[in-house]
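Trainee: First the structure, which I've put down as structure tokens, then a few questions once you've had a look.
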Ligand SMILES: Nc1nc2c(ncn2[C@@H]2O[C@H](COP(=O)(O)OP(=O)(O)O)[C@@H](O)[C@H]2O)c(=O)[nH]1
Ligand SMILES: [Mg+2]
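Numbering (the numbering used here), first residue to last: 24 to 253.
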């Protein structure tokens, strides 16, 4: 994938500020410091597009970026969705939950996990909660440059072993590093594929979407209700 443009669009504090668009959208979520901003910069090839911070919890808004004029990347703050994190930041948790549950053009939610850590309950609980939401998601194990490939494999194995006990199907899994650029082309390819799918079938999710759509002529036949046996 060639990145021709990557532009910051808006920092949203409320759903009203989410950009209204039919372009497919890809969101990143995970614990503070897991590497969300770094991965956005890696994927967009813009070093300073999303602020990388060593201060946990610094990002408090949902940041939207428009890439190549045709898809969106979204930086979700920390884990707002997990009910385990109910604190005074409750409103803000609701914002992330609203985003995940209702964003109609959300093509894939990338859940970032620090590859160096043993399975974290908050990550597992978050993924478990996703079962009740019609959302396409993938796992991204970050910072793999900081340890041996064997350690990373063990981490993934430990995590997926626990996940298998809770879910019938495992999501796609990526591994990334901002220093070696590992995982970049794989995630780009996945985004490319999902963008093509979204173009062929614009309604990514069954959530509200009443806009006029130019249906692909190929879909037209399938939609026509002319059952010859009827
Ligand atoms: N070595 C290494 N460091 C990383 C990687 N990804 C993120 N970091 C570092 O981890 C810290 C937190 O990253 P950041 O992107 O701000 O995390 P966020 O809070 O999830 O947005 C920063 O110091 C990054 O430089 C990686 O793949 N490899
Ligand atoms: Mg960040």
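For glycine and all other residues, C-beta sits at the position ideal for the given N, C-alpha and C.
#1: So for residue 135, helix, strand or coil by DSSP?
#2: In or out: residue 239 buried (at least 16 other Cβ within 10 Å) or exposed?
#3: What distance in whole Å lies between the Cβ atoms of residue 49 and residue 118, which are believed to be in contact at a cut-off of 8 Å?
#4: So, for residue 58: in the same chain, excluding its five sequence neighbours on each side, which residues have a beta-carbon less than 8 Å away from its beta-carbon?
#5: Given a threshold of 16 other Cβ atoms within 10 Å of its Cβ, counted over all protein chains shown, does residue 25 qualify as buried or as exposed?
#6: Taking all protein chains shown into account, do 16 or more other C-beta atoms lie within 10 angstroms of the C-beta of residue 175, making it buried, or fewer, making it exposed?
#7: By the 10 Å Cβ neighbour count, where 16 or more other Cβ atoms means buried, how is residue 29 classified, buried or exposed?
#8: Where do the ends of the beta strand (DSSP E) carrying residue 162 lie?
#9: Near residue 63, what residues of its chain come up, given a Cβ to Cβ distance below 8 Å and the 5 sequence neighbours on each side ignored?
#10: Taking 8 Å as the cut-off, decide whether the C-beta atoms of residue 184 and residue 193 are in contact.
#11: Compute the minimum distance between the beta carbon of residue 98 and the heavy atoms of ligand 2, and state whether it is under 7 Å.
#12: Assuming residue 185 is part of the alpha helix (DSSP H), what are its boundary residues?
#13: If you run the structure through DSSP and keep just helix, strand and coil, what is residue 35?
#14: For ligand 1, is there a heavy atom less than 7 Å away from the beta-carbon of residue 168?
#15: Per the DSSP calculation, residue 156 is bridged to which residue(s)?
#16: Out of 94, 120, 65, point me to the one whose CA is closest to residue 85's CA.
#17: Can you tell me whether residue 48 is helix, strand or coil according to DSSP?
#18: Please classify residue 38 as buried or exposed, where buried requires at least 16 neighbouring CB atoms within 10 angstroms.
#19: Mark residue 178 as exposed unless 16 or more other C-beta atoms lie within 10 angstroms of its C-beta, in which case mark it buried.
#20: Would you kindly report the start and end of the unbroken beta strand (DSSP E) that includes residue 89?
#21: Thinking just about the alpha-carbon of each residue, which of 131, 46, 151, 47 is nearest to the one in residue 186?
Mentor: Taking the structure as given:
#1: strand
#2: Bear in mind that the predicted position of residue 239 carries a pLDDT of just 34, short of 50, making it too unreliable to give a figure here.
#3: With a Cβ gap of about 18 Å, residue 118 and residue 49 do not count as contacting.
#4: 135, 137, 165, 166, 199, 201
#5: exposed
#6: buried
#7: buried
#8: 160-165
#9: 51, 72, 73, 88, 96, 98
#10: no
#11: yes
#12: 172-189
#13: strand
#14: yes
#15: Residue 156 is not bridged to any residue.
#16: 120
#17: strand
#18: exposed
#19: buried
#20: 85-90
#21: 151
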